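Heads up: the sequence shown runs through residues 14 to 237, numbered per our numbering.
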Amino acid sequence: MANPLDTDAGSELFSSYEAEFKLVQADLTQKMDQIPELSGEPRKAAINQAERALEEADELLGQLRLEKQNIPSAARPKINQRFRNFETDVDGYKRKLRNLADDRAALFGSRYTDNPSDAQLEQRQQLLAGTDRLDRSTQRLRNSQALANDTEAIGASTLADLHQQRERINHIGMTFDESEGYVDRSVKTLRGMARRMATNRVITIAIITVLVLLIFAVIYSKFK
């Protein structure tokens, strides 16, 4: 086991992580001591709790590994020795927990035997087949979800494109309406000009006619 805290040799942060590690270590030891006395579902739950505590101890070990680099060189040998002790403890916990988890007879209780009967074997095969079907269904569901997400993205992109095209069409329609208005005004202007030209032509013809008549009248008056 690890040596007691040596606050003179380590930083305050290292000592804090070390104290927290020892608390987790004590809790982990207590949980693992209870596992051999359990079977079935309680044993599974206890193993899961021990695994979570072991993960926490592993994380604290990583924090200690980083923090010990900040320890002065003179005090580092003691720190390294304590850290190696912690690593040895964690490795021992991992091996012990792995052995406890591999004890299938204790894990499954009376339902497990090394020589299962046909009924038990059939139940296991059905359980494995059901698990396999569930995995395949889950995978298909994930694939369908991914396809749905892709389709949704494509649909959103298509809607955005359609919206832009609609804006362009509306703009073209407005431009066309303005152009049509310009054409209508131009047609009205041309019609007005045509009417004025026709009126001017009639007036011109009338003036010419009057002048011709006046000329004939003058000539007639001279030869009378």
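Cβ atoms here follow ideal geometry from the backbone N, Cα and C, with glycine treated the same way.
Nothing here was measured: the structure is a model prediction, and the numbers come from that model.
Residues of its chain near residue 93, where Cβ-Cβ distance is below 8 Å and the 5 sequence neighbours each way are ignored: Same-chain partners within the cutoff: 81.
CA-to-CA distance, residue 196 to residue 11, given in whole angstroms: For the chain, the structure presents residues 14 to 237; residue 11 sits outside this window and is missing.
Proximity to residue 41 [Cα-Cα], best of 191, 158, 64 and 170: That would be 64, whose Cα lies nearest to the Cα of residue 41.
Residue 34 classed as buried or exposed, judged by whether at least 16 other C-beta atoms fall within 10 angstroms: Residue 34 should be labelled buried.
Residue 60 beta carbon less than 9 Å from that of residue 113: Result yes, Cβ atoms of residue 113 and residue 60 sit closer than 9 Å.
Beta-carbon spacing of residue 67, residue 103 below 9 Å: Contact: yes.
Nearest to residue 29 (by Cα), restricted to the options 45, 173, 43 and 74: Selected option, being the one with the closest Cα: 74.
Limits of the alpha helix (DSSP H) - the one that residue 86 falls within: It is not in any alpha helix (DSSP H) - residue 86 carries neither H nor E in the DSSP assignment.
Where residue 116 falls: helix, strand or coil (DSSP): Residue 116: coil per DSSP, three-state reduction.
Runs of beta strand (DSSP E) wholly within the segment 30–82 (minimum 3 residues, chain order): Complete beta strand (DSSP E) runs here, min 3: none at all.
Residue 157 in three-state terms, based on DSSP: Note: residue 157 maps to helix in three-state DSSP.
Backbone CA spacing between residue 101 and residue 157 [nearest angstrom]: Rounded to whole angstroms, residue 101 to residue 157 spans 47 Å at the Cα level.
Presumed contact (8 Å Cβ cut-off) between residue 45 and residue 110, rounded CB distance: Confirmed, about 6 Å.
Residue 199 - DSSP class collapsed to helix/strand/coil: If DSSP states are grouped into helix, strand and coil, residue 199 belongs with the helices.
Buried or exposed (CB count within 10 angstroms, at least 16 for buried), residue 216: Around the beta carbon of residue 216, fewer than 16 other beta carbons sit within 10 angstroms, so the residue counts as exposed.
Whole-angstrom distance between residue 171 and residue 191, CA atom to CA atom: Their Cα atoms are separated by approximately 30 Å.
Cα-Cα separation between residue 62 and residue 98, rounded to whole angstroms: Residue 62 and residue 98 have their alpha carbons spaced roughly 23 Å apart.
Where residue 24 falls: helix, strand or coil (DSSP): Three-state result, residue 24: coil.
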